[in-house]
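Novice: My structure is below; once you've seen it, I'll send some questions.
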Amino acid sequence: MGKNMKVNLVTSLDKKDILDCLRLWSLQKTLLKRDFEVEIIDVKGEEFNLGRSERESFQQLFPNYTTVSSHQELVSKLGNDGMTIVTGTKAWKAKMINHAKKALVLKGIETTKYAYNVGVEGTEYGLLEKGSIKKLIQEFDSIAVSKSEDQKYLSQYYDKDIVLLCDNTLLLRTNEYDGIARKFKSFRDYILLDAKNNDPKLIELAKKVKKETGLKVICLDSGFSLKHGFQYENVKTSQKFLGLLKGAKYVITDNERSVMFSMIYKRPFLFVNEDTKGQEWIVKLLKNVKLKGNILSSAEDYTGVDQFKLWNGYALHKRLGEQKKGAYAHLDKITGVEVAQDEYVDAPTDILKKDCCGCYACAEVCPVTAIKMTEDNRGYYFPVVDKDTCISCGLCKKSCVIQKPRLVEHDKTYPKAIAAYNKDLDIRKGSSSGAMFPGFAKHIIEDKHGYVAGAKYDEDMNVVSDVANTMEGVKAFYGSKYCKSLLDGSYKKIKELLDQGEYVLFSGLPCECSGLRAFLKKDYEKLYICEIICHAGPSAKVFKAYVKYLEEKFGSKVTNVTFRQKKNGWQAHQTSMVVDFKDREPLRVVNRTNNYYRIFANDIIARESCTSCRFTHLNRAGDVTIGDFWGIQDIHPDMYDNQGASFVIINNARGAELWDMVKDDFEWIESSMDKVFKKNHKEPISYKIDRDEFFHRMEKGENINQLLEEFNDLKK
Numbered sequence: 002m003g004k005n006m007k008v009n010l011v012t013s014l015d016k017k018d019i020l021d022c023l024r025l026w027s028l029q030k031t032l033l034k035r036d037f038e039v040e041i042i043d044v045k046g047e048e049f050n051l052g053r054s055e056r057e058s059f060q061q062l063f064p065n066y067t068t069v070s071s072h073q074e075l076v077s078k079l080g081n082d083g084m085t086i087v088t089g090t091k092a093w094k095a096k097m098i099n100h101a102k103k104a105l106v107l108k109g110i111e112t113t114k115y116a117y118n119v120g121v122e123g124t125e126y127g128l129l130e131k132g133s134i135k136k137l138i139q140e141f142d143s144i145a146v147s148k149s150e151d152q153k154y155l156s157q158y159y160d161k162d163i164v165l166l167c168d169n170t171l172l173l174r175t176n177e178y179d180g181i182a183r184k185f186k187s188f189r190d191y192i193l194l195d196a197k198n199n200d201p202k203l204i205e206l207a208k209k210v211k212k213e214t215g216l217k218v219i220c221l222d223s224g225f226s227l228k229h230g231f232q233y234e235n236v237k238t239s240q241k242f243l244g245l246l247k248g249a250k251y252v253i254t255d256n257e258r259s260v261m262f263s264m265i266y267k268r269p270f271l272f273v274n275e276d277t278k279g280q281e282w283i284v285k286l287l288k289n290v291k292l293k294g295n296i297l298s299s300a301e302d303y304t305g306v307d308q309f310k311l312w313n314g315y316a317l318h319k320r321l322g323e324q325k326k327g328a329y330a331h332l333d334k335i336t337g338v339e340v341a342q343d344e345y346v347d348a349p350t351d352i353l354k355k356d357c358c359g360c361y362a363c364a365e366v367c368p369v370t371a372i373k374m375t376e377d378n379r380g381y382y383f384p385v386v387d388k389d390t391c392i393s394c395g396l397c398k399k400s401c402v403i404q405k406p407r408l409v410e411h412d413k414t415y416p417k418a419i420a421a422y423n424k425d426l427d428i429r430k431g432s433s434s435g436a437m438f439p440g441f442a443k444h445i446i447e448d449k450h451g452y453v454a455g456a457k458y459d460e461d462m463n464v465v466s467d468v469a470n471t472m473e474g475v476k477a478f479y480g481s482k483y484c485k486s487l488l489d490g491s492y493k494k495i496k497e498l499l500d501q502g503e504y505v506l507f508s509g510l511p512c513e514c515s516g517l518r519a520f521l522k523k524d525y526e527k528l529y530i531c532e533i534i535c536h537a538g539p540s541a542k543v544f545k546a547y548v549k550y551l552e553e554k555f556g557s558k559v560t561n562v563t564f565r566q567k568k569n570g571w572q573a574h575q576t577s578m579v580v581d582f583k584d585r586e587p588l589r590v591v592n593r594t595n596n597y598y599r600i601f602a603n604d605i606i607a608r609e610s611c612t613s614c615r616f617t618h619l620n621r622a623g624d625v626t627i628g629d630f631w632g633i634q635d636i637h638p639d640m641y642d643n644q645g646a647s648f649v650i651i652n653n654a655r656g657a658e659l660w661d662m663v664k665d666d667f668e669w670i671e672s673s674m675d676k677v678f679k680k681n682h683k684e685p686i687s688y689k690i691d692r693d694e695f696f697h698r699m700e701k702g703e704n705i706n707q708l709l710e711e712f713n714d715l716k717k
């Protein structure tokens with residue numbers, strides 16, 4: 002990425018300002034992760050004497066830090082190598098401006114100059130309006146801010162567009178802050194009160210919450226603690242602040258720093274915004290991430306502890322991730338990081354690689370087997386054509402489901418939605434949800450003497466598509482496998498069986514169901530396509546690397562992975578991941594917090610095409626669509642027993658025919674599409690910026706489990 006190019010971060014840092022220190026550290030960390038050499042150059046402003054421990058904590062954050070007190074020193078430090086980025090909310094202080102003006106303008110420093118997430122404070126407006134300062138501002142190749150009011154003001158003096166970005170603190174993941182957060186073993190379950198002023202209303206609010214919850218109050222202001230029995234913690238370092246906030250049960254605050262890190266750490270909080278001046282940006286951010294309910298215009302608006310709740314913490318995590326997309330793109334632009342250009346797949350399908358879903362239709366349909374599905378360096382399979390063998394018949398392009406998605410056409414009768422679960426509890430316990438697939442498979446094999454196609458593990462723990470004609474063989478297809486399967490030869494084998502007049506049930510992801518339809522080119526009366534609703538298709542390489550790690554750690558070959566074992570219940574926080582080994586007892590871990598499962602659930606290893614999936618919500622490719630009926634305990638409570646429940650979407654007459662054949666084996670009621678998708682996603686997943694960093698580091702050979710753990714947002 003940065004290939005060790007030098008970046009000078011020029012700032013005027015108030016070491017007492019914990020939020021600004023963390024903003025600077027976040028930017029530094031982001032650049033270091035991208036292989037830049039970073040030096041912090043602090044143009045001296047306010048003197049702040051640090052004690053020994055505080056000084057060591059500061060040096061931990063900024064090991065390559067220096068101060069300058071004149072423009073000559075600044076010139077000497079900058080030199081003519083690398084680039085200069087001026088940053089910080091106090092970038093336009095008088096001393097900072099004077100040194101920068103002389104160093105950057107009058108002395109003609111040739112390094113590229115950027116202003117990144119700079120702020121404008123009230124005392125600085127007069128300085129910026131002077132003619133000489135206008136000249137300084139024009140010297141910057143770009144200026145970026147995090148507050149719209151700063152954008153509006155600076156636009157008066159800068160000829161180019163002022164870029165609006167997220168706050169620097171959102172550039173990093175929670176786990177990266179964990180790396181510096183101080184650990185407090187003796188502090189548990191407390192209310193953290195972080196307020197700028199001795200506001201009696203906040204004191205009374207803290208007392209109310211203390212009385213309501215029975216928890217102690219830890220206060221970051223001695224004025225509160227002395228008079229009201231609160232525990233006082235003198236916070237002079239970023240590390241201590243992060244540790245205290247991370248451990249809080251509830252956070253009460255009237256300032257930006259605790260709001261930002263309550264969101265990052267997903268701590269229940271209330272932001273009391275009585276003094277709105279200068280904090281409009283944080284209100285806008287809270288509204289953008291759907292946390293308007295956590296804002297109190299007055300402490301007197303408090304009605305109960307439920308107001309602290311962060312509704313849908315997982316969605317908050319995703320929304321905060323969305324905030325940093327523009328910031329990463331802007332950093333790539335100003336630092337000259339080469340962003341991979343869109344490239345086409347190496348096959349005559351004429352689609353971009355980022356759109357290819359890896360459905361295998363093009364490779365399977367090729368009459369001269371000129372196209373092979375080949376794994377790339379990130380573990381995704383793409384078509385590659387042998388140009389010498391290719392006869393340019395065009396069948397691959399005609400069969401491409403990106404060029405033309407093969408979808409079921411709904412009419413006035415369909416789709417229909419059903420809530421159901423298998424009456425056989427033993428079968429249901431062995432399945433991920435309501436055991437719909439085993440019921441369908443049993444009918445095809447035992448009643449129709451047909452065949453079932455599904456995904457299983459082979460001897461080397463590759464996830465592969467296979468065909469079975471016994472229920473014993475079908476058992477290998479049971480359960481979710483959070484890895485995209487290899488489909489080599491599957492479509493051809495299914496076609497052979499259909500042409501022989503056999504019944505076939507095909508179970509696959511939506512893009513695979515569409516791929517099969519494209520390959521077959523016609524309808525078969527004895528084919529039933531069962532579409533599994535899909536979260537995303539993860540990298541096979543990452544899964545195999547994790548399996549290898551487990552084998553090396555436990556000294557035995559892995560023979561099976563059950564991702565959602567329901568011994569303790571069906572809900573996401575109750576299921577276990579069970580790893581079977583050849584020569585030792587199975588390993589059982591909590592699924593939700595497992596390193597591999599979390600990176601899958603957070604979409605970091607998802608195939609890029611999943612971010613523009615053509616097969617979501619009403620765009621269905623199966624005769625029936627099945628999946629977990631999340632939220633059924635609230636939607637259809639009579640159908641809930643925490644052993645697993647499914648939805649079935651009947652998409653056409655063929656699906657209705659299949660359902661009519663098996664419905665007596667299930668407990669079921671009619672539902673609706675709105676109810677089915679109330680808790681299931683209707684849209685493609687979003688692209689995660691962390692994806693590029695993860696694969697960059699994986700390709701460099703970092704330990705896979707340590708890498709997965711670093712990206713695990715639920716790591717304890």
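Residue numbers for the sequence shown follow the numbering used here, beginning at 2 and rising by one. Glycine included, each C-beta is placed from N, C-alpha and C at the ideal position. On a predicted model such as this, the values are computed, not experimentally measured, just so you know.
1) Measuring straight from C-alpha to C-alpha, what distance separates residue 544 and residue 585?
2) Could you name each continuous beta strand (DSSP E) segment of 3 residues or more that falls completely within the stretch 17-93, going from the start of the chain to the end?
3) Which value, in whole angstroms, describes the spacing of the CA atoms of residue 476 and residue 656?
4) How many Å lie between residue 453 and residue 491 at the Cα?
5) Taking its Cβ as the centre, do 16 or more other Cβ atoms sit within 10 Å of residue 770, making it buried, or is it exposed?
6) Let me know the secondary structure DSSP gives residue 249 once reduced to three states.
7) I think residue 537 touches residue 376, with their Cβ atoms under 8 Å apart; what is that distance to the nearest whole Å?
8) Using the Cα positions of residue 521 and residue 562, report the straight-line distance between them to the nearest angstrom.
9) Applying the 10 Å Cβ sphere with the 16-neighbour rule, what's the burial state of residue 443?
10) Quick check: the Cα distance between residue 426 and residue 448, rounded to an integer number of angstroms?
11) My guess is that residue 38 and residue 84 are in contact by the Cβ rule of under 8 Å, so how many angstroms apart are they, rounded?
12) Using the Cβ count rule (16 or more neighbours within 10 Å means buried), how would you classify residue 518?
13) Classify residue 572 as helix, strand or coil using the three-state DSSP reduction.
14) For residue 385, write down the residues that DSSP places opposite it in a beta bridge.
15) Buried or exposed: which applies to residue 498, given that a residue is buried once 16 or more other Cβ atoms fall within 10 Å of its Cβ?
16) Three or more beta-carbon pairs under 8 Å between the stretch 453-464 and the stretch 666-676, yes or no?
17) For residue 631, which residues of its own chain have a beta-carbon under 7 Å away from its beta-carbon, when the five flanking residues on both sides are left out?
18) Between which two residues does the alpha helix (DSSP H) holding residue 509 run?
19) Flag this pair as yes or no: are the beta carbons of residue 464 and residue 494 separated by less than 8 Å?
20) Is it a yes or a no for the stretch 181-195 touching the stretch 212-222, going by three-plus beta-carbon pairs under 8 Å?
21) Which same chain residues, not among the five before or five after residue 142, have their C-beta less than 8 Å away from its C-beta?
22) Does the beta-carbon distance from residue 420 to residue 532 come in below 8 Å?
23) Just list the residues that DSSP pairs residue 578 with in beta bridges.
24) What separation, rounded to the nearest whole angstrom, lies between the Cα atoms of residue 705 and residue 602?
25) Quick one: what's got a C-beta closer than 7 Å to residue 184's C-beta in the same chain, skipping five residues either side?
26) What's the call for residue 13, buried or exposed, on a 16-neighbour Cβ count within 10 Å?
27) Which two residues bound the contiguous beta strand (DSSP E) that contains residue 195?
28) Rounded to a whole number of angstroms, what is the C-alpha to C-alpha distance between residue 253 and residue 246?
29) According to DSSP, is residue 629 helix, strand or coil?
30) When the distance is taken between beta carbons, is residue 300 closer than 8 Å to residue 177?
31) Hey, residue 270 and residue 284: beta-carbon distance below 8 Å or not?
32) List the DSSP bridge partners of residue 667.
33) Count the other CB atoms, across all protein chains shown, that sit within 10 Å of the CB of residue 460; report buried if there are 16 or more and exposed otherwise.
Specialist: So, to answer that:
1) Distance between the alpha carbons of residue 544 and residue 585: 21 Å.
2) 38-44, 66-69 and 84-89
3) Near 22 Å, if we compare the C-alpha coordinates of residue 656 and residue 476.
4) Residue 453 and residue 491: Cα-Cα distance of roughly 11 Å.
5) Lying outside 2 to 717, the shown extent of the chain, residue 770 is not represented and no answer is given.
6) coil
7) Actually they are not in contact, since the Cβ atoms of residue 537 and residue 376 sit about 18 Å apart, beyond 8 Å.
8) 32 Å
9) buried
10) 21 Å
11) That pair is no contact at about 11 Å.
12) buried
13) coil
14) For residue 385, the beta-bridge partners assigned by DSSP are 347 and 373.
15) buried
16) no
17) 680 and 681
18) Note, residue 509: premise wrong, no alpha helix (DSSP H); beta strand (DSSP E) at 505-509.
19) No.
20) yes
21) Closer than 8 Å at the Cβ level, and outside the excluded window around residue 142, lie 113, 114, 115 and 335.
22) no
23) Answer is 590.
24) 17 Å
25) 244
26) buried
27) 191-195
28) 10 Å
29) strand
30) no
31) no
32) 423
33) exposed
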